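*Asks:* All residue numbers for the sequence shown refer to the working numbering, where the first residue is 1139 and numbers rise by one.
Beta carbons are placed, not taken as given, at the ideal position from N, Cα and C, and that holds for glycine.
Here the structure is a predicted model, which means the values were calculated and not measured.
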Amino acid sequence: MTPRRPARHYRARCLAPSPPRSATTDRPVSSSAQRQGVLALVIVIVAWGLTWPVNKVVLATLSPLWAVTLRSAIATVALFALTAWRGRIAWRMRSEPAPYT
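Here is the structure:
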């Protein structure tokens, strides 16, 4: 028995370019959301692309242990600032009991 080939219209539909769609619905993605996605992609590309030259300069001046310490400190401050800016930090009042006591 030979395998059936898909219908011609199916292949043409699969190969035709389609407008970008969101992952959760079948609606087209708005242009502002598409711009935000492209901007986020560019930021990630630049950040990952700069790690090699920055690490080369840092390791020329610091020992590897201090370089990792510096990188971890910068990441801690940056992530804490981002979390605080987004309002995701749950501040506990002194009158509240500590969790898991």
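#1: Taking only three categories from DSSP, how would you classify Thr1202?
#2: Helix or strand or just coil, what does DSSP make of Pro1166?
#3: Taking the straight line between their C-alpha atoms, what separation do you get for Ile1227 and Gln1172?
#4: In this structure, how does DSSP classify Gly1175 when only helix, strand and coil are distinguished?
*Replies:* In short, the structure shows the following:
#1: Residue identity differs from the one stated: residue 1202 is Pro in this sequence, not Thr. Note: Pro1202 maps to helix in three-state DSSP.
#2: For Pro1166, the secondary structure class from DSSP, reduced to helix, strand or coil, is strand.
#3: Here the alpha carbon of Ile1227 sits roughly 29 Å from the alpha carbon of Gln1172.
#4: Helix.
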